[in-house]
Amino acid sequence: MSVLVEQAVSLLKQAKEAHGDGLVYPCSMGLEGSVMVDLISKHGLEIPVMTLDTGRLPQATYDVISAFESRYGIRVRVLFPDCHEVEAMVREDGVNLFRKSPELRKKCCDIRKIRPLMRALEGKQAWITGRRRQQSKGRSDLQSIETDVVYGLKKYNPLLEWSLNDVEAYVRANDLPYNRLHDAHYQSIGCECCTRAITVGEDERAGRWWWENDDVAAECGLHVMSIKQVTGDIEGGEGI
Ligand code: SF4
Numbered sequence: 004m005s006v007l008v009e010q011a012v013s014l015l016k017q018a019k020e021a022h023g024d025g026l027v028y029p030c031s032m033g034l035e036g037s038v039m040v041d042l043i044s045k046h047g048l049e050i051p052v053m054t055l056d057t058g059r060l061p062q063a064t065y066d067v068i069s070a071f072e073s074r075y076g077i078r079v080r081v082l083f084p085d086c087h088e089v090e091a092m093v094r095e096d097g098v099n100l101f102r103k104s105p106e107l108r109k110k111c112c113d114i115r116k117i118r119p120l121m122r123a124l125e126g127k128q129a130w131i132t133g134r135r136r137q138q139s140k141g142r143s144d145l146q147s148i149e150t151d152v153v154y155g156l157k158k159y160n161p162l163l164e165w166s167l168n169d170v171e172a173y174v175r176a177n178d179l180p181y182n183r184l185h186d187a188h189y190q191s192i193g194c195e196c197c198t199r200a201i202t203v204g205e206d207e208r209a210g211r212w213w214w215e216n217d218d219v220a221a222e223c224g225l226h227v228m229s230i231k232q233v234t235g236d237i238e239g240g241e242g243i
């Protein structure tokens with residue numbers, strides 16, 4: 004475990020040295036987020052933490068944002084979608100458009116997540132992700148440092164080789180704040196309406212957009228470059 008921590012901290016330091024203020028951490032507020040925020044804060048790396056408020060998040064996610072701010076004395080930058088874009092989308096396609104087709108689900112993710120993130124990444128050089136190789140088949144070939152062809156930024160994956168057990172053990176050992184939905188067998192947590200608990204033997208990301216029943220489609224577009232590497236399909240993507 005200590006080797007994994009050392010490697011993660013080393014990569015975070017490398018990223019900070021290379022990019023300085025041009026580096027950000029868009030945080031998913033899941034278990035990986037708990038580990039990353041702790042490592043960043045504990046080692047004084049001063050990497051800004053941001054997150055996306057899509058307007059459809061579970062209360063447990065707001066609670067963990069608040070818990071991070073109290074514990075580490077930071078202010079998480081919360082990014083919101085453009086209200087005019089959301090209103091136009093709902094007027095055209097309804098409040099639950101994401102259930103109607105993969106295309107409308109991607110449209111919702113684009114407006115509520117990807118566009119706000121792109122605005123936040125303007126002028127930046129690099130970002131940190133909490134992705135792990137074991138999370139899904141679509142992530143098995145990730146590299147610790149990637150060049151994101153879509154956003155034109157470097158992408159660092161400090162927890163790449165961590166297993167779920169490693170993440171849970173670190174959270175427990177350090178008594179970190181974490182999203183309480185994990186106690187109810189939620190693994191990858193996003194919008195309340197698009198996230199469910201998983202059962203034994205299911206892929207960690209099986210609880211995201213489960214009705215589409217497609218490992219590659221079960222991403223939202225934020226990490227489209229990695230999916231493209233694996234599948235040659237530019238339509239893929241993750242929720243941070
Ligand atoms: S996860 Fe669901 S509600 Fe959230 S932005 Fe994507 S489609 Fe919309």
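Under the working numbering, read the sequence shown as residues 4 to 243, first letter to last. The beta-carbon is built from N, C-alpha and C at its ideal position, and this holds for glycine as well.
- Contact between residue 82 and residue 26 does not hold, since the beta-carbon distance rounds to 16 Å and is not under 8 Å.
- For residue 106, no beta strand (DSSP E) segment is defined; the enclosing uninterrupted segment is the alpha helix (DSSP H) at 105-112.
- Beta-bridge partners assigned by DSSP to residue 26: 129.
- Between residue 168 and residue 147, the gap from beta carbon to beta carbon reaches 8 Å or more.
- DSSP, read as helix, strand or coil, puts residue 55 in strand.
- In this structure, the straight-line span from the alpha carbon of residue 164 to that of residue 99 is close to 36 Å.
- In the DSSP annotation of this structure, residue 148 is not part of any alpha helix (DSSP H); the continuous beta strand (DSSP E) holding it starts and ends at 148-151.
- The segment 175-185 makes contact with the segment 20-39: 3 or more CB pairs, one atom from each, lie closer than 8 Å.
- Per DSSP, the continuous alpha helix (DSSP H) segment holding residue 120 begins and ends at 118-124.
- Between residue 51 and residue 80, the C-beta gap is smaller than 8 Å, which places the two residues in contact.
- Within the chosen limit of 7 Å, the ligand SF4 does not reach the beta carbon of residue 64 with any heavy atom.
- Counting along the chain, residue 74 sits inside the alpha helix (DSSP H) bounded by residues 62-75.
- Counting along the chain, residue 159 sits inside the beta strand (DSSP E) bounded by residues 156-159.
- Annotated three-state conformation of residue 211 is strand, per DSSP.
- Not one heavy atom of the ligand SF4 falls within 7 Å of the beta-carbon of residue 83.
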